[in-house]
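As they're listed, the protein sequences go chains A and B.
Every letter in the first sequence is one number past the one before it in full-length UniProt numbering, and letter 10, counting from 1, is 10.
Every letter in the second sequence is one number past the one before it in full-length UniProt numbering, and letter 139, counting from 1, is 139.
Glycine included, C-beta positions come from ideal geometry on N, C-alpha and C.
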Amino acid sequence: MKSFIPDINRQETVISIRDLYKSFGGNHVLRGVNLDLHSGENIVVLGRSGTGKSVLIKVIVGLLYPDAGTVNVLGQEVPELGVHALRALRLKVGFCFQNGALYDSMTVGENLAFPLRRNEPGMSRKERDKRIEMVLEAIGLSHTIGQMPAELSGGQKKRIGIGRTLILRPAIMLYDEPTAGLDPITCTEINDLINEVQHRFKTSSIIITHDLTCAKSTGDTIAVLKEGRFIRRGNFNEVFSSEDELIREFYEYNFIQ
Amino acid sequence: MEPIGQSGKPVISKRIDHFFITVYAIFGFIGRFLREVVRPPFETREFIRQCFHIGNKSLPLISLTGFITGLVFTKQSRPSLAEFGATSWLPSLISIAIVRALAPLVTALICAGRVGSSMGAELASMKVTEQIDAMEVSAINPFKYLVVTRVLACVVCLPLLMCYNGLIALAGAFVDIHLNEQTSMDTFIQNAFTNISFLDLMSSLVKVLIYGFTIGIVSCYQGFHATQGTEGVGKSANVSVVASMFLIFIEEVIIVQLVNMIR
Numbered sequence: 001m002k003s004f005i006p007d008i009n010r011q012e013t014v015i016s017i018r019d020l021y022k023s024f025g026g027n028h029v030l031r032g033v034n035l036d037l038h039s040g041e042n043i044v045v046l047g048r049s050g051t052g053k054s055v056l057i058k059v060i061v062g063l064l065y066p067d068a069g070t071v072n073v074l075g076q077e078v079p080e081l082g083v084h085a086l087r088a089l090r091l092k093v094g095f096c097f098q099n100g101a102l103y104d105s106m107t108v109g110e111n112l113a114f115p116l117r118r119n120e121p122g123m124s125r126k127e128r129d130k131r132i133e134m135v136l137e138a139i140g141l142s143h144t145i146g147q148m149p150a151e152l153s154g155g156q157k158k159r160i161g162i163g164r165t166l167i168l169r170p171a172i173m174l175y176d177e178p179t180a181g182l183d184p185i186t187c188t189e190i191n192d193l194i195n196e197v198q199h200r201f202k203t204s205s206i207i208i209t210h211d212l213t214c215a216k217s218t219g220d221t222i223a224v225l226k227e228g229r230f231i232r233r234g235n236f237n238e239v240f241s242s243e244d245e246l247i248r249e250f251y252e253y254n255f256i257q
Numbered sequence: 001m002e003p004i005g006q007s008g009k010p011v012i013s014k015r016i017d018h019f020f021i022t023v024y025a026i027f028g029f030i031g032r033f034l035r036e037v038v039r040p041p042f043e044t045r046e047f048i049r050q051c052f053h054i055g056n057k058s059l060p061l062i063s064l065t066g067f068i069t070g071l072v073f074t075k076q077s078r079p080s081l082a083e084f085g086a087t088s089w090l091p092s093l094i095s096i097a098i099v100r101a102l103a104p105l106v107t108a109l110i111c112a113g114r115v116g117s118s119m120g121a122e123l124a125s126m127k128v129t130e131q132i133d134a135m136e137v138s139a140i141n142p143f144k145y146l147v148v149t150r151v152l153a154c155v156v157c158l159p160l161l162m163c164y165n166g167l168i169a170l171a172g173a174f175v176d177i178h179l180n181e182q183t184s185m186d187t188f189i190q191n192a193f194t195n196i197s198f199l200d201l202m203s204s205l206v207k208v209l210i211y212g213f214t215i216g217i218v219s220c221y222q223g224f225h226a227t228q229g230t231e232g233v234g235k236s237a238n239v240s241v242v243a244s245m246f247l248i249f250i251e252e253v254i255i256v257q258l259v260n261m262i263r
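Written out as structure tokens, the structure reads:
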């Protein structure tokens, strides 16, 4: 559980999604999704594989376009934004990929410097190095600055991926399966890091996962996605008091395992 | 009414639909390249890095193939010319063949194999591991950073490689002619370049620029649109080479026809 009380402002909505539909050919992935993310809140989206969890956050960041519905992020309708406006918005929305998606040909330091060099060209080298140092210290991997991604473990790659996102100081963080494929100890470290990011950088987050330990320790709100719609929403205890078959299966599988 | 393709049913047949969709997408890709190439900021550092990869690292292979091409072509041509007592025409024949056809084509085919496969595989691997998406969400234009720099590097480096390949091929030819006919270098150079016209040089330059553009666009397109995980990486590398070579031969036929009409 969290060691701090998150500063959630329920009056301020940073992401608002209404009646979102998305299909791929004949496969209807999202079928009328509604979601509000408040300032300072961590929402965990739970669901089985193929239920459209990753599609949901890709639509939020404009990597995919919805078939219908509205996606409002920080007051802007994402599907209606032009290229430049979308890029400007993306500076405020950090996206952490499942496997880190680090640039193979660059060292850890270069991976972190790359978005800064492109988006803040006026920044001096000294300032840039200081920011990189600060982020690496925050994720606890200062010693990896000169290493190549191939030399890192799975957990380290994910942490560097989170660091690379944090370097642009986003207001919103989107995590795609942050603990998938990791051992329980590394999972706990990642969960702690997600909470640390929320606390220290005052971010609002959507965390996509099917790991209930991650959901329990990082989520202020849990939303369960089934067949393209949210079937249950609330805090952990509220959601898992449900008798819904999927929710029971999730709970039993995760905790009995 | 449902938009075409939304129902998942093919309009003509699956393969024909796919062919036309791909052709349309490639033209869209070329159009985007032409728009992005003139728009700042320019990724100079990455462009130089790509020039180094394409140009400098191709030199050993280009040297070897160039020398062997010149040497073997001279050896193969000598008996035919000897029948007419015309071995003195060898430098002229060889140089025309090298400048007009062999140097551009050999350079392009080598680069299609070496550079095309590596670019196709590299970009495909970045695509399937979400590195290209990671650039997008970091507000970086991956098309400009990855595609524009690579295509431009191909267009710039191929003419330089072709000139180098041509000179090495002529050196190969000279070695064989010097050993067999005891021709001096001065005489060889004089005979070799007498029949080379400005049109020959310009047509070869235009050809190789087009080949460079073709290799760059085809390989980047394949890499940028890779699917199916690691299997897609191999497929992209393979298709990049095959499609580039196929298009190079078609372009060669068309350009030769056009140049012959002008000549």
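- Task: Could you please tell me which residues of the segment 74 to 95 of chain A, in chain order, have their CB closer than 9 Å to any CB of chain B?
- Result: V83, L86, R87, A88, L89, R90, L91, V93, G94 and F95
- Item | Close beta carbons around L160(B), own chain, < 8 Å, minus the five adjacent residues each side | G55
- Can you name, in chain order, every residue of its own chain whose Cβ lies under 8 Å from the Cβ of I8(A), other than the five neighbours on each side? H38, S39, G40, E41 and D220
- Those residues which DSSP pairs with D36(A) across a bridge: S16(A)
- Query: Hey, T203(A) and P170(A): beta-carbon distance below 8 Å or not?
  - Reply: yes
- Query: By DSSP, does Q98(A) sit in helix, in strand, or in coil?
  - Reply: coil
- Using the rule of at least 16 other Cβ atoms within 10 Å of the residue's Cβ for burial, across every protein chain shown, is Y211(B) buried or exposed? buried
- Message: By alpha-carbon positions, which one of V148(B), N260(B) and D176(B) ends up nearest to S88(B)?
- Response: D176(B)
- Name, please, each residue of chain A whose Cβ falls closer than 9 Å to the Cβ of A112(B). Simply none; closest approach about 22 Å.
- Task: Closer than 8 Å by C-beta to G28(B): which residues in its own chain qualify, once you throw out the five before and the five after it? Chain order, please.
- Result: none
- Comparing alpha-carbon positions, which option in G172(B), T214(B) and F19(B) lies nearest K156(B)? Checking the sequence, you will find Val at residue 156(B) rather than Lys. With distances taken between Cα atoms, V156(B) lies closest to T214(B).
- Using the C-alpha atoms, what's the distance from M245(B) back to residue 322(B)? The structure shown has nothing for residue 322(B), since chain B only spans 1 to 263.
- Query: Which residues in chain A sit within 8 Å of T129(B), going by Cβ to Cβ distance?
  - Reply: N99, A101 and D104
- Under the three-state DSSP convention, the category L152(B) falls into: helix
- Whole angstroms is fine: what's the gap from Y65(A)'s alpha carbon to K14(B)'s? 25 Å
- Message: Can you check whether the C-beta of L63(A) is within less than 8 Å of a C-beta belonging to chain B?
- Response: yes
- M1(B) versus G31(B) - alpha carbon distance: In this prediction, M1(B) scores a pLDDT of 37, lower than 50, which makes its location untrustworthy; the coordinate-derived value is nonetheless stated afterwards. Their backbone Cα atoms lie some 30 Å apart in a straight line.
- Measuring alpha carbon to alpha carbon, tell me which of P184(A), P178(A) and I185(A) ends up nearest I194(A). P178(A)
- Message: What does the Cβ neighbour count give for I222(A), buried or exposed, with the cut at 16 atoms within 10 Å?
- Response: buried
- Query: Short check: CB of G66(B) to CB of N165(B), under 8 Å?
  - Reply: yes
- Item | L170(B) classed as buried or exposed, judged by whether at least 16 other C-beta atoms fall within 10 angstroms | buried
- Where do the ends of the beta strand (DSSP E) carrying T209(A) lie? S204 to T209
- May I ask you to verify whether the segment 81 to 96 of chain B touches the segment 202 to 211 of chain B, counting CB pairs closer than 8 Å and requiring at least 3? no
- Query: Which same chain residues, not among the five before or five after C96(A), have their C-beta less than 6 Å away from its C-beta?
  - Reply: G161, I162, T165 and Y175
- Along the chain, which unbroken stretches of the alpha helix (DSSP H) at least 4 residues long are found entirely within the segment 167 to 207 of chain A? 184 to 201
- Could you tell me if Q50(B) is buried or exposed, where buried requires 16 or more neighbouring beta carbons within 10 angstroms of its beta carbon? buried
- Item | Candidates L136(A), G140(A), I139(A) and A113(A): closest to residue 264(B) by CA position | Look at the range of chain B in this structure, 1 to 263, and you will see that residue 264(B) is not part of it.
- Message: Let's test the definition: count the other Cβ atoms within 10 Å of the Cβ of Q190(B) and tell me whether it reaches 16, buried, or not, exposed.
- Response: exposed
- Which runs of the alpha helix (DSSP H) fall wholly inside the segment 140 to 214 of chain B and span at least 4 residues, in chain order? 149 to 181 and 185 to 194
- Buried versus exposed call for I62(B) [16 or more other C-beta atoms within 10 Å across all chains shown]: buried
- In three-state terms, what does DSSP make of S241(A)? coil
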